[in-house]
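Participant: Numbering (the working numbering), first residue to last: 36 to 376. Please see the structure below; I have some questions.
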Ligand SMILES: [Zn+2]
């Protein structure tokens, strides 16, 4: 397992009181250093160049973000830059590329990229929801160009990954699976949004009613996400690991706990082992309670450390009604594309 981490992620500044604050980078850094102390290799990411960012972003948009260098600019009601934001955001996207390169080119098959700001709301030509560049989407597009046949992106952040979805909406080579609170910011992610054209069936939305907890996520993943992933058979698994579905999170309205995230990571490890020779790259997204962020991330890293031996995580106990409802809606929408789902 390779960790990609940098103190530089604290250098993207946000206005006072903003939940996506530099202290999040300090938490990510602390967790990374703790794992490094236990013998895991930590590397500094390299920034993505503009051609790499332009794999998913409009070149004019990349240039517009570059032009905020040295400035504090409000890009949308929630999303601002500070003087170093362009460089910090390029470092995040570059870190995902570095992590993917690592799992493709070495015998090591796991990488975890500990980055802020998050990226999954950023669209091709639009910053939104605290996100500047869509790091995981840049990584997926880079992997495809590097010759990876099929990429699966699983996003368990409490918010729908609208940017990632839009970038691959008509692309059958990138499966996008998102569990999220619904209806909620940013408003997208309905079960009937399944992709378009050749990409129809390759977007899987699992919209969960507020209050969903560990067992609901477990249900939605086991009954829809995992069967679709198993049929898709990804060559590489990428994970948008947001931890704002945690019960302590000040933004999200879900009730997950650290063991729940750990359990989801176990299920995803099994998918990576079955189809992708274990190759999985995790990328942090949201998670705004610092303690919950640290504890949840630490649990996921513990699962990844046991690479290849995580099979058969027991089902999480508890109320599954919201998970069943999300799964039923998704199954109805996806059945035409995945017969017998
Ligand atoms: Zn989020």
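Don't be surprised by glycine CBs; every beta carbon is placed ideally from N, CA and C. Small disclaimer: the values here were computed from a predicted structure and weren't measured.
With contact counted as at least three CB pairs below 8 Å, one residue from each stretch, are the region 169–177 and the region 228–235 in contact?
Facilitator: The region 169–177 vs the region 228–235: no contact.
Participant: So the candidates are 139, 95 and 68; which of them puts its Cα closest to the Cα of residue 313?
Facilitator: Of 139, 95 and 68, the residue nearest in Cα terms is 139.
Participant: Cβ-heavy atom distance between residue 277 and ligand 1 below 8 Å?
Facilitator: Indeed, a heavy atom of ligand 1 lies less than 8 Å from the Cβ.
Participant: For residue 147 and residue 330, what's the separation of their Cα atoms in angstroms?
Facilitator: In a straight line, the C-alpha of residue 147 is about 15 Å away from that of residue 330.
Participant: From this set, 114, 166, 157 and 134, which residue's C-alpha is nearest residue 200's C-alpha?
Facilitator: Closest by alpha carbon: 157.
Participant: Whole angstroms is fine: what's the gap from residue 268's alpha carbon to residue 310's?
Facilitator: Spanning the two alpha carbons is a distance of roughly 5 Å.
Participant: Taking the straight line between their C-alpha atoms, what separation do you get for residue 83 and residue 353?
Facilitator: Between residue 83 and residue 353, the C-alpha separation is close to 43 Å.
Participant: Tell me, please, which residues DSSP counts as bridged to residue 319.
Facilitator: Answer is 276.
Participant: Which same chain residues, not among the five before or five after residue 179, have their C-beta less than 8 Å away from its C-beta?
Facilitator: Hits under 8 Å: 186, 208 and 209.
Participant: Look at the Cβ atom of residue 319, then the Cβ atom of residue 151, and state whether they are nearer than 9 Å.
Facilitator: Yes, the pair counts as a contact, with Cβ atoms nearer than the cut-off.
Participant: Would you be able to state if there are at least three C-beta pairs under 8 Å between the region 217–226 and the region 358–368?
Facilitator: Because the criterion of three Cβ pairs below 8 Å is met, the region 358–368 and the region 217–226 touch.
Participant: Using only the alpha-carbon positions, how far apart do residue 341 and residue 308 sit?
Facilitator: The alpha-carbon atoms of residue 341 and residue 308 are separated by roughly 12 Å.
Participant: Let me check understanding here. Comparing Cα to Cα, which of 272, 271 and 241 lies closest to residue 257?
Facilitator: If we check each option's Cα against that of residue 257, 241 comes out closest.
Participant: Could you name the residues of the same chain whose beta carbon sits closer than 8 Å to that of residue 89, not counting the 5 residues immediately before and after it, in chain order?
Facilitator: Excluding positions up to five away in sequence, the list reads 97.
Participant: Counting along the chain, where does the beta strand (DSSP E) carrying residue 211 start and finish?
Facilitator: Run containing residue 211: 209–216, per the beta strand (DSSP E) assignment.
Participant: How big is the Cα-Cα spacing for residue 211 and residue 42?
Facilitator: Roughly 30 Å separates the two Cα atoms.
Participant: Which first and last residues belong to the beta strand (DSSP E) in which residue 77 is found?
Facilitator: Looking at the DSSP string, the run of the beta strand (DSSP E) that includes residue 77 is 76–78.
Participant: Is the separation between the beta-carbon of residue 127 and that of residue 44 shorter than 9 Å?
Facilitator: Taking 9 Å as the Cβ cut-off, residue 127 and residue 44 qualify as a contacting pair.
Participant: For a test of your reading of the model: does the CB of residue 27 fall under 8 Å from any non-hydrogen atom of ligand 1? Yes or no.
Facilitator: Only positions 36 to 376 of the chain appear in the structure, and residue 27 is not among them; the question remains open.
Participant: Contact between the region 105–112 and the region 288–303 is defined here as three or more beta-carbon pairs at a separation below 8 Å; is this criterion met?
Facilitator: Touching, no.
Participant: Beta carbon of residue 111: closer than 8 Å to some heavy atom of ligand 1?
Facilitator: Every heavy atom of ligand 1 is 8 Å or more from the Cβ of residue 111, so no.
Participant: Measure the Cβ-Cβ separation of residue 250 and residue 350 and say whether it is below 9 Å.
Facilitator: Yes, these two residues count as a Cβ contact at 9 Å.
Participant: Mind checking which residues open and close the alpha helix (DSSP H) that includes residue 312?
Facilitator: Taken as a continuous stretch (DSSP letters only), residue 312 belongs to no alpha helix (DSSP H), as it is neither H nor E.
Participant: I'd like to know whether the C-beta atoms of residue 86 and residue 193 end up nearer to each other than 9 Å.
Facilitator: No, the Cβ-Cβ distance between residue 86 and residue 193 is not below 9 Å.
Participant: Using beta-carbon positions only, say whether residue 62 and residue 38 come within less than 9 Å of one another.
Facilitator: Contact flag unset, no.
Participant: Please list the segments of the beta strand (DSSP E) lying wholly inside the region 139–185, counting only runs of 3 or more residues, in order along the chain.
Facilitator: Those beta strand (DSSP E) runs which fall completely within the region 139–185 and span 3+ residues are 145–148.
Participant: Give me, in chain order, the residues of the same chain whose beta-carbon lies closer than 7 Å to that of residue 262; leave out the 5 immediate sequence neighbours on both sides.
Facilitator: Excluding residues within five positions, the ones whose Cβ falls inside 7 Å are 376.
Participant: Compute the Euclidean distance between the alpha carbons of residue 271 and residue 155, then round it to the nearest angstrom.
Facilitator: Using only the alpha carbons, I get a separation of about 18 Å.
Participant: Which of helix, strand or coil does DSSP assign to residue 46?
Facilitator: If DSSP states are grouped into helix, strand and coil, residue 46 belongs with the helices.
Participant: With a CB to CB cut of under 6 Å and the five nearest residues on each side skipped, what residues in its chain are close to residue 145?
Facilitator: If we look at residue 145 and ignore the five residues flanking it on each side, its Cβ neighbours are 36, 315, 339 and 342.
Participant: Comparing the CB of residue 153 with every heavy atom of ligand 1, is any distance shorter than 8 Å?
Facilitator: For ligand 1, at least one heavy atom lies less than 8 Å from the Cβ of residue 153.
Participant: Please go through the same chain and pick out, in chain order, the residues whose beta-carbon is closer than 7 Å to the beta-carbon of residue 48, but skip the five residues on each side of it.
Facilitator: So the qualifying residues of the chain are 57 and 117.
Participant: Please report the straight-line C-alpha distance between residue 165 and residue 105, rounded to a whole angstrom.
Facilitator: Cα to Cα, the separation comes out at about 18 Å.
Participant: Please report how far the alpha carbon of residue 159 lies from the alpha carbon of residue 197, in whole angstroms.
Facilitator: Between residue 159 and residue 197, the C-alpha separation is close to 11 Å.
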